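Novice: Mind having a look at this structure? Questions to follow.
Residue numbers (the working numbering): 319 to 642.
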C-alpha cells in the first residue's frame, strides 16, 4: 500500500511536469505570436514602401507633364524668380500629401566629365571650384586626385589618390569602379569625401548621365553658385566679384549674351578664357525634389529631367533619399 507521503510526492512531481509543459508551450506560443507579428509588420512595411514608390513615380510623371507644358509654352529661358522655382506644387495622394519643388539643374559641375587623363582640363576646373569653395590647396588637390582615381579605368594610384588596394583595406571593402558615377550619393564611397566635405560641396557638384558639362544658366545662378563662375573663368576674378555680378543681374535676367559680356567684371577677363559655350541663358536640366508626407513618415525622392527626344523633357532618373 502506497503511503500518503509517497502519494503526495507523485502528485507534486506530476504537477511540476505539467507546469513545465505549460511553460514550454507558452514560450513556444509567445515565440510564434512574436514571429507572426514581425511577419505582419514586415509585410505592412513592404506594402507601404511599394505604395510610396508608386506614388513617387506618379508624382515624377506629373512633374514631367508640368515641365513639358512650361517648356512648350515659354521655352527654357527662365530666370531665378520663375514661378516654377518659387512655389512648390502640392498634390493629394490617398492618405499622403505630395509636394514637388523644382530647381535649376544646369548650374553645377558635372563630376562625370572628369576622365582622369593627364591632359584632362576638367581636373583643373574642379580644383579651382574646390579652392573657390573654401578648401585649401592641399585638400583640393587630394579631393581631385581621389575622384580621378575613382573614375579612371586604370588601377594605378596617384600620389594623393586611392585605388582598389586602398579600398580593400577598409572595414567595408570595395573597389574603385573605373567608370562613370551613377549618382551623387556615390561620393560617400570615395576616399577623403567625408560627410563634411560632401555637405560643403552641396549643390555645386552633380552627376549627369554623360561626360558633357551643361552650360550654366546665368539667369538662374544664385550668390551661392559664385564658385562655379570663378572656376569657369579659371579664377580670373574672385568669389566676391562673382557674387556681386550675380546680385547685380538685371531684374528678369540678362536679355542676351552681349549684355552679359558687357558687364565690367566680365570685360576684365582675358578673351582666351571666355568660353561662350560654357554659359547660356537657358536651362538644360531640371531637378525636382519630391516629398511624400504620410501620417507616420516623410519619404523624399530626387527626380532629374533633361531634354526629351519625342517630348519637351524626359524623366532621366528617380532616386530615393534617406527617410525620416
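C-beta atoms are modelled at their ideal positions from N, C-alpha and C, and glycine is treated no differently.
Bear in mind the structure is a predicted one, so any value in this text is a computation, not a measurement.
Once you ignore the five residues that flank residue 562 on each side, which residues in its own chain have a CB closer than 8 Å to its CB?
Specialist: 583
Novice: Specify, as a first and last residue, the run of the alpha helix (DSSP H) that residue 459 falls within.
Specialist: 455–469
Novice: Buried or exposed: which applies to residue 425, given that a residue is buried once 16 or more other Cβ atoms fall within 10 Å of its Cβ?
Specialist: buried
Novice: Sort out for me which residues DSSP pairs residue 617 with in a bridge.
Specialist: Paired residue(s): 610.
Novice: Cα separation between residue 430 and residue 470?
Specialist: 10 Å
Novice: Thinking C-alpha only, which one of 488, 520, 523, 631 is nearest residue 507?
Specialist: 488
Novice: Between the region 570–581 and the region 541–557, do three or more beta carbon pairs fall short of 8 Å?
Specialist: Result no; under three Cβ-Cβ pairs closer than 8 Å.
Novice: Roughly how many whole angstroms lie between the Cα atoms of residue 602 and residue 550?
Specialist: 17 Å
Novice: Going by the DSSP bridge assignment, what does residue 638 pair with across the sheet?
Specialist: 619
Novice: What number of angstroms, rounded off, separates the C-alpha of residue 543 from the C-alpha of residue 483?
Specialist: 36 Å
Novice: For the beta strand (DSSP E) containing residue 415, list its first residue and its last residue.
Specialist: 414–422
Novice: By the three-class DSSP mapping on this structure, what secondary structure does residue 437 have?
Specialist: coil
Novice: Between the Cα of residue 595 and those of 613, 371, 607, 579, spot the shortest distance and give me the residue it belongs to.
Specialist: 579
Novice: Which same chain residues end up closer than 6 Å to residue 495 when comparing Cβ atoms and leaving out the 5 residues on each side of it in sequence?
Specialist: none
Novice: At the level of alpha carbons, what is the spacing between residue 362 and residue 633?
Specialist: Legend: pLDDT at residue 362 = 45, less than 50; position of this residue unreliable, value from coordinates given subsequently. Taking the straight line joining both Cα atoms gives about 29 Å.
Novice: Between residue 427 and the rest of its own chain, which residues show a CB-CB distance below 8 Å, the 5 nearest in sequence each way excluded?
Specialist: 443, 444, 447, 522, 523, 524, 531, 546, 549
Novice: Using 8 Å for Cβ pairs, my map puts residue 296 next to residue 608. What's the rounded Cβ distance?
Specialist: Residue 296 lies beyond the residue range present for the chain, which begins at 319 and ends at 642; the question has no answer from this structure.
Novice: Under the three-state reduction of DSSP, which class applies to residue 578: helix, strand or coil?
Specialist: helix
Novice: Per DSSP, residue 573 forms a beta bridge with which residues?
Specialist: Paired residue(s): none; residue 573 is not in a bridge.
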